[in-house]
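Asker: According to numbering that gives the first Met the number 0, the sequence shown holds residues 0 to 241 in order.
I have a structure I would like to understand better, so I am pasting it below and will then ask my questions one at a time.
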Amino acid sequence: MNPALSALDALQEVDHAIARIEREFRALDSGAKEKDEYDRLRVAYDDAAQTLHAIERDRRDAELELSAVETKKQDHEKKLYSGSVRNPKELDAMQHEIEALGRQRSRLDGLILELMERGEEQSRVVSELHAEMEAARSAYEAKSQAYSAATRRLRTEMAKLQRMREERSAAVPPGPLKRYESIRAAKHGIGLARIEQGQCRACNTSLPKNTVLSVRDTDALLTCESCGRLLYLAPEGGEHPH
C-alpha cells in the first residue's frame, strides 16, 4: 500500500476534527435573540419612564397653579368680607372673580386627581417593565458569557488542530497531498475513504475485489469509482481479501 495513504488518513482525521469545530462555531448561539428582546424592553422602559416623568411634572405644575389660585381666592374673599370695598361695581366684579377662581380650583382639583391616578398606573407599568428588562438583561448576559466561553474554547482547539494539520501535511508527499486537497475541495471536505468490509466507507459502494487488492498490495493511489475519493485500507480495521 502506498505509504502516503496512512499519512493522508492521519491528516483527514485532523480535517474531520477541524470540520467539527467549524460546525460548532456555526451552531453557537451568540444571544442575538436575547439582545433584541433586552433592547426592545429597554426602549419600552425608557419611554414609560419618560411618560411617568411628564405626568409627575404636569401634576406638580397643576398643584403649584392650584396653590396660587387658592391664595388669590382667599385674598379676594378677605377683601370682600372686610368691608373695605364699597363700590357696587367693584363688589360685583370681585364676586365674579371669586366664582371664576372657584371654578378654576375645581378644574385643577379634578386634573390633579386624574394625574395622580394616571401616575399610579404608569408607575406600575414602569415597575413591571423594569423587572422584565432586568430579567432580559440577565438572560442576554448569561447567553453572551456562554458564547464567549465557547468561542474561546473552540478557538483554542482550532489553533491546536491547525498546528497539527501543518505537521501532518508536512508528512505527506506533495503529489498525493495535492491530489487529496483537490478531491477534498470537491467532495464536501472528505478526500479519503476507508475500505471496510469491501465497501467504500464514504458512499457505501461495494468495491471490486481487485481494487481492494491493488490498494493493499501496490503503491497505486486509487479512487472509488462511485464517489471519486481516494481509497485507503487500514491495516487494523480494513478487510484483507483472500
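Using N, Cα and C, we set each Cβ at its ideal position, and we do this for glycine too.
Counting contacts by CB-CB distance shorter than 8 Å, is histidine 15 in contact with chain C?
Answerer: The question asks about chain C, but that chain is absent: this structure has only one protein chain.
Asker: Let's test the definition: count the other Cβ atoms within 10 Å of the Cβ of glycine 188 and tell me whether it reaches 16, buried, or not, exposed.
Answerer: exposed
Asker: In this structure, does DSSP put glycine 204 in helix, strand or coil?
Answerer: For the record, residue 204 in the displayed sequence is threonine; it is not glycine. Threonine 204 falls in the coil class under three-state DSSP.
Asker: In angstroms with no decimal places, state the Cα-to-Cα distance between leucine 160 and glutamate 166.
Answerer: Cα to Cα, leucine 160 sits roughly 10 Å from glutamate 166.
Asker: Going by C-alpha to C-alpha distance, which of Asp8, Ile20 and Ser29 sits closest to glutamate 156?
Answerer: Of all alpha-carbon atoms in Asp8, Ile20 and Ser29, the one lying nearest the alpha-carbon of glutamate 156 is that of Ile20.
Asker: What's the call for proline 175, buried or exposed, on a 16-neighbour Cβ count within 10 Å?
Answerer: When all chains shown are included, proline 175 counts as buried.
Asker: Counting pairs of beta carbons, one from the stretch 31-42 and one from the stretch 204-223, are three or more of them closer than 8 Å?
Answerer: The stretch 31-42, when compared against the stretch 204-223, does not touch it at the 8 Å Cβ threshold.
Asker: Assign alanine 26 to one of three DSSP states: helix, strand, or coil.
Answerer: helix
Asker: Alpha carbon to alpha carbon, what distance is there between glutamate 180 and histidine 15?
Answerer: 13 Å
Asker: Give the straight-line distance between the Cα atoms of glutamate 131 and aspartate 45, rounded to the nearest whole angstrom.
Answerer: The alpha-carbon atoms of glutamate 131 and aspartate 45 are separated by roughly 13 Å.
Asker: Rounded to the nearest angstrom, what separates leucine 79 and valine 68 at their Cα positions?
Answerer: 16 Å
Asker: Of the residues Gly190, Ala170 and Ala169, which one's Cα is nearest the Cα of arginine 178?
Answerer: Gly190
Asker: Would you call the stretch 3-17 and the stretch 93-101 touching, i.e. three or more CB-CB distances under 8 Å?
Answerer: no
Asker: Count the CB pairs spanning the stretch 141-153 and the stretch 58-68 that are closer than 8 Å, and state whether there are at least three.
Answerer: no
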